[in-house]
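Notes to accompany the following structure.
There are 2 protein chains.
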Amino acid sequence: MPDSFSVRPIGTLHTPWRKIGDCPRNGRQPDPAPLCTARVLPEYLEGLQSLDGFSHLILLYWMAPVKPFQLMFTPPFDTQPRGLFATRGPRRPNPIALSVVAFEGFDGPDCLKVRYLDCIDGTLLIDIKPYLATTDSEPNARMGWLDPHATRNDNTAKPCGPSTRC
Amino acid sequence: MPDSFSVRPIGTLHTPWRKIGDCPRNGRQPDPAPLCTARVLPEYLEGLQSLDGFSHLILLYWMAPVKPFQLMFTPPFDTQPRGLFATRGPRRPNPIALSVVAFEGFDGPDCLKVRYLDCIDGTLLIDIKPYLATTDSEPNARMGWLDPHATRNDNTAKPCGPSTRC
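Just so you know, the protein sequences line up as chains E and D, in that order. Just so we're aligned, residue 21 is where the first sequence starts under this note's numbering, counting upward by one. Just so we're aligned, residue 21 is where the second sequence starts under this note's numbering, counting upward by one.
Following this line, the structure appears as structure tokens:
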């Protein structure tokens, strides 16, 4: 097994939050959720073609600066220690965060307008993926210990209306 | 901006597929979807606590060996070139794959039973996250150019029944 792989930034995320302490618990918690942007480096712009028509994207980004990883910790909103891999906390062996964001089009060729980010301004972007309801959406998923702590507001999982396939 | 970050494997994925050419397009395409496993390295086992009660997880893994990234390509099931970031193809600047998997419990302390993987046997795992319906599930998301090509079978996005909050 190789010891490690190398990951390179492909751009930068811009959000209203300047310090980690100001960031929301997740991108759906602020209601209304502010508009944020993802600015992609010039050498990767060609890969942004064909994004029209996707309402949601998955962004992967590097959570830095973070302290060394911590396999058990007590989340700030909880009273007992939890295993790291049962949380979305930042102190992971590989501090890669994932957000499902609403994609609201381009503001210039290198700048995606998105909603539902939770990170500090200047966070480094490492991937953009199209969100596919057929493989990524499990509206009935059970959320274990996190269920009573989950964010539930106008931004969270949308009810299925008569015009949808639910 | 730093040039790169280092990512380390935390375990190995075991699937029925030995060659890339044998892998399904996505983990929901095989119907029924075979049981797969995620085996976590001893030094990270403590972080697996508190996973009981989650029905789904997000696994991040390193797609290797892959060729250099390719910002435009014609997917095998399509007829025209698409921007890489509007696809889930493997030839990315950072070849990190993401699958939303069904979690079916443990087979020993280091081994998670999961369904809906799409990668070759021996693929290296880099993160495990709990799947949260309230932030990760967008059942009505529009899928742009991929819509007519999307996988739709008994494994894909579950209809919302009377017992769910949809």
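Glycine residues also receive a C-beta, built at the ideal position from the N, C-alpha and C atoms.
Item: What separation, rounded to the nearest whole angstrom, lies between the Cα atoms of Pro29/E and Arg135/D?; Value: 31 Å
Item: Which term fits Phe97/E, buried or exposed, when burial requires 16 or more other beta carbons within 10 angstroms of its beta carbon?; Value: exposed
Item: Tell me the rounded alpha-carbon separation between Pro54/D and Val120/D.; Value: 14 Å
Item: Terminal residues of the continuous beta strand (DSSP E) containing Asp141/D?; Value: Taken as a continuous stretch (DSSP letters only), Asp141/D belongs to no beta strand (DSSP E), as it is neither H nor E.
Item: Is Lys133/D closer than 7 Å to Gly125/D when the C-beta atoms are compared?; Value: yes
Item: Near Cys131/D, which residues of its chain fall below 8 Å by C-beta distance, leaving aside the five closest residues on each side in sequence?; Value: Thr57, Ala58, Arg59, Val60
Item: Less than 7 Å between the beta carbons of Asn46/E and Ile146/D, yes or no?; Value: no
Item: To the nearest angstrom, how far is it from the Cα of Ile148/E to the Cα of Thr94/E?; Value: 31 Å
Item: Check Phe25/D in the structure and name its three-state DSSP category.; Value: strand
Item: For Ala122/D, collect the residues of the same chain with a Cβ closer than 7 Å to its Cβ; drop the 5 residues on either side in sequence, then sort them by chain order.; Value: Ser75, His76, Val134, Arg135, Tyr136
Item: Could you check which residue in Ala161/E, Arg111/E, Trp165/E, Ala153/E has the C-alpha nearest to that of Lys87/E?; Value: Arg111/E
Item: Can you list, in chain order, the residues of its chain whose CB lies under 6 Å from that of Ser70/D, leaving out five sequence neighbours each side?; Value: none
Item: Which residues, in chain order, does the stretch 62-83 of chain E contribute to contact with chain D at a C-beta distance below 9 Å?; Value: Glu63, Tyr64, Leu65, Glu66, Gly67, Leu68, Gln69, Ser70, Leu71, Asp72, Gly73, Phe74, Ser75, His76, Leu77, Ile78, Leu80, Trp82
Item: Since Ala117/E is in the beta strand (DSSP E), which residue starts that stretch and which ends it?; Value: 116-126
Item: Going by DSSP, what residue range makes up the alpha helix (DSSP H) through Ala153/E?; Value: 153-156
Item: Could you tell me the distance, in whole angstroms, from the CA atom of Pro52/E to the CA atom of Val27/D?; Value: 34 Å
Item: Where does Pro44/D sit, in a helix, a strand or coil, going by DSSP?; Value: coil
Item: Give the DSSP-derived three-state secondary structure of Pro36/E in the structure shown.; Value: coil
Item: Can you list, in chain order, the residues of its chain with a C-beta nearer than 8 Å to that of Pro101/D? Leave out the 5 residues immediately preceding and following it.; Value: Met92, Phe93, Thr94
Item: Where does Asp98/E sit, in a helix, a strand or coil, going by DSSP?; Value: coil
Item: Output, in sequence order along the chain, the residues in the stretch 136-152 of chain D whose CB is closer than 7 Å to any CB in chain E.; Value: Leu144, Ile146, Asp147, Ile148, Lys149, Pro150, Tyr151, Leu152
Item: Closer than 7 Å, CB to CB, is Thr57/E near chain D or not?; Value: no
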